[in-house]
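S.K.:
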Amino acid sequence: MARGVMLMSGGIDSPVALHYMLRLGHEMTAVHLDNRPFTDDSPYTKILDHLEILRARYAQPIPLYVLPHGPTQVTLMRETDRHVGCVMCRRFMWRSAERIAEREGATFLATGEALGQVASQTLSNMRSATAAVALPIVRPLIGLDKQEIERVAREIGTYEISTRPGVCCQAVPDKPATRSNLVQILAQEDRIDVDRMVDDCVRHAVVR
Amino acid sequence: MYRKLRLCSNNGGFEAIPDPPCPIDLARARDRLAAAEVPVVDARVMLIATLPPEVTISRAGRLLFKTRDAADAEAGFARLRALLDLPPLADGPG
């Protein structure tokens with residue numbers, strides 16, 4: 000079995016995706032990009048509770064890296080086109096997760112993405128976002144619909160945690176792009192110091 | 000006039016929406032908050048001020064108070080209104 004890094008958001012999908020990877024016997028590390036002050040602390044506390052359940056279920060330590068993503072969001076909002084903000088945000092999440100994968104000796108990244116649930120989850124946006132990294136990306140939920148994901152979440156006991164109250168991401172633009180192209184995204188990234196931003200984010204990672 | 004505070008869609012905080020629209024000059028608001036020693040993050044298209052509670056201030060005038068306590072949100076609104084000369088809250092239902 001392989002070692003992988005799972006992006007965790009605190010929502011319904013990512014603990015289900017993590018459950019599938021653990022069930023197959025993969026050794027997983029969790030990564031959370033902490034979006035405060037654009038959210039509250041609820042995503043973080045939900046993830047701690049998700050991991051408590053999955054650590055017990057699979058007798059795995061599942062380390063959690065928490066990385067500050069708020070400063071990145073501020074720079075993106077100040078310096079780049081808001082319309083493609085969700086794709087830009089995802090590219091930084093993937094880059095940071097890849098750095099953690101290198102640190103942990105992981106050979107793949109994983110996510111709870113399913114097609115079409117939110118603005119960032121169109122094929123063109125996924126392509127633009129994941130072009131930022133070289134490691135393969137596994138999406139255990141890609142062919143499931145929301146009802147199926149929720150049913151599994153209830154079975155493993157993470158649904159009630161995920162649906163607790165919380166502040167939605169305030170950095171999401173009013174009209175997020177559902178189609179993006181890489182040339183457009185790279186032109187936006189020319190305006191900012193991508194490497195320094197990722198360095199700063201990863202340097203302040205805390206392991207829980 | 001702001002509509003009465005109400006829980007946001009994910010029940011994580013209370014939002015205040017101006018009706019009619021009441022755009023806020025964010026640069027001016029940032030300076031006023033800073034002068035009152037309120038910590039503020041300037042993301043250009045929005046401000047995030049820690050009164051407490053923490054509040055997101057959009058250009059369009061929408062406010063989101065990150066608390067699930069209605070009294071805390073109302074106290075936050077009152078302080079912000081005084082600092083930024085905002086219109087009052089409506090008395091009726093939101």
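Residue numbers (numbering that gives the first Met the number 0), protein chains in the order written: chain A, 0 to 207; chain B, 0 to 93. Think of the CB as a built atom: it goes at the ideal place given N, C-alpha and C, for glycine as much as any other residue.
Out of A:Ile11, A:Gln146, A:Val193 and A:Gly142, state which residue places its alpha-carbon closest to the alpha-carbon of Leu50 of chain A.
M.R.: Taking the first residue of the first sequence as position 1, residue 50 of chain A is located at position 51. Residue A:Ile11 is the option with its Cα nearest to Leu50 of chain A.
S.K.: Expressed to the nearest angstrom, what Euclidean distance is found between the alpha-carbon atoms of Pro42 of chain A and Gly165 of chain A?
M.R.: Along the first sequence, read from residue 1 onward, the residue named residue 42 of chain A stands at position 43. Along the first sequence, read from residue 1 onward, the residue named residue 165 of chain A stands at position 166. Those two C-alpha atoms are separated by around 7 Å.
S.K.: Please name the residue in A:Trp93, A:Asp39 and A:Tyr57 whose C-alpha comes closest to that of Ile155 of chain A.
M.R.: As a first step, residue 155 of chain A is located in the first sequence; it is residue number 156 there, counting from the start. Among A:Trp93, A:Asp39 and A:Tyr57, the Cα nearest to that of Ile155 of chain A belongs to A:Tyr57.
S.K.: Is DSSP giving Ala113 of chain A helix, strand or coil here?
M.R.: Within the first sequence, the letter at position 114 stands for residue 113 of chain A. Ala113 of chain A: coil per DSSP, three-state reduction.
S.K.: Show which residues of chain A have a CB atom less than 7 Å away from the CB atom of Lys65 of chain B.
M.R.: The sequence position of residue 65 of chain B within the second sequence is 66, counting from 1. Going along chain A in sequence order, the residues near Lys65 of chain B (Cβ under 7 Å) are Asp39 and Val166.
S.K.: Whose CA, out of A:Glu149, A:Thr121, A:Met7 and A:Met92, lies closest to the CA of Val201 of chain A?
M.R.: Working through the first sequence from its first residue, we reach residue 201 of chain A at position 202. Nearest of A:Glu149, A:Thr121, A:Met7 and A:Met92 to Val201 of chain A, Cα basis: A:Met92.
S.K.: Within its chain, find whatever has a CB closer than 8 Å to the CB of Arg29 of chain B; leave out the 5 residues flanking it on each side and keep chain order.
M.R.: Residue 29 of chain B sits at position 30 when you count from the first residue of the second sequence. Only Val39, Asp41 and Leu46 meet the Cβ criterion.
S.K.: Cβ atoms of Ala1 of chain A and Thr106 of chain A: under 7 Å apart, would you say?
M.R.: If you number the first sequence from 1, residue 106 of chain A lands on position 107. If you number the first sequence from 1, residue 1 of chain A lands on position 2. Yes, Cβ-Cβ distance for Thr106 of chain A and Ala1 of chain A is below 7 Å.
S.K.: Quick one: which unbroken beta strand (DSSP E) runs of 3-plus residues sit fully inside the region 103–160 of chain A? Chain order, please.
M.R.: Within the region 103–160 of chain A, the complete beta strand (DSSP E) runs of at least 3 residues are 107–109.
S.K.: In chain order, what residues of the region 75–99 of chain A put their CB closer than 7 Å to some CB of chain B?
M.R.: Against chain B - using a Cβ distance shorter than 7 Å - the residues of the region 75–99 of chain A are Met76, Arg77 and Arg81.
S.K.: Report the neighbours of Val73 of chain A on chain B: residues whose CB is nearer than 7 Å to its CB, in chain order.
M.R.: The residue you call residue 73 of chain A lines up with position 74 of the first sequence. Under the 7 Å cutoff, chain B gives Val40 and Ala42.
S.K.: Mapping DSSP to helix, strand and coil, what is Asp39 of chain A?
M.R.: Your numbering for residue 39 of chain A matches position 40 in the first sequence. If DSSP states are grouped into helix, strand and coil, Asp39 of chain A belongs with coil.
S.K.: Which residue comes first and which comes last in the beta strand (DSSP E) that contains Asp194 of chain A?
M.R.: Against the first sequence, residue 194 of chain A aligns to sequence position 195. Taken as a continuous stretch (DSSP letters only), Asp194 of chain A belongs to no beta strand (DSSP E), being part of the alpha helix (DSSP H) at Val193 to Arg202.
S.K.: Note down, in chain order, all residues in the region 8–42 of chain B with a beta-carbon under 7 Å from any beta-carbon belonging to chain A.
M.R.: Flagged, chain order: Ser8, Asn9, Asn10, Gly11, Gly12, Val40 and Ala42.
S.K.: State the Cα-Cα distance for the pair Gly69 of chain A and Leu88 of chain B, rounded to the nearest angstrom.
M.R.: Within the first sequence, the letter at position 70 stands for residue 69 of chain A. Within the second sequence, the letter at position 89 stands for residue 88 of chain B. For Gly69 of chain A and Leu88 of chain B, the distance between alpha carbons rounds to 30 Å.
S.K.: Quick one: what does DSSP say Asp173 of chain A is sitting in, helix, strand or coil?
M.R.: One-based indexing of the first sequence puts residue 173 of chain A at position 174. Asp173 of chain A falls in the coil class under three-state DSSP.
S.K.: Does the beta carbon of Ile56 of chain B sit closer than 7 Å to a beta carbon anywhere in chain A?
M.R.: Residue numbering aside, residue 56 of chain B sits at position 57 when the second sequence is read from its first letter. Answer no: the Cβ-Cβ gap between Ile56 of chain B and chain A never drops below 7 Å.
S.K.: Taking all protein chains shown into account, decide if Gln187 of chain A is buried (16 or more other Cβ within 10 angstroms of its Cβ) or exposed.
M.R.: Translated into positions along the first sequence, residue 187 of chain A becomes position 188. Looking at its Cβ environment, which holds 16 or more other Cβ atoms inside 10 Å, Gln187 of chain A is buried.
S.K.: Taking all protein chains shown into account, do 16 or more other C-beta atoms lie within 10 angstroms of the C-beta of His18 of chain A, making it buried, or fewer, making it exposed?
M.R.: Position 19 of the first sequence, counting from 1, holds the residue named residue 18 of chain A. Flag for His18 of chain A reads buried.
S.K.: Are there 16 or more other CB atoms within 10 angstroms of the CB of His25 of chain A, so buried, or fewer, so exposed?
M.R.: Counting from one through the first sequence, the residue named residue 25 of chain A turns up at place 26. Buried, because 16 or more other Cβ atoms sit within 10 Å of the Cβ of His25 of chain A.
S.K.: Can you name the residues that DSSP bridges to Met27 of chain A?
M.R.: Within the first sequence, numbered from 1, the residue matching residue 27 of chain A stands at position 28. According to DSSP, which records beta bridges pairwise, Met27 of chain A is partnered with A:Gly3.
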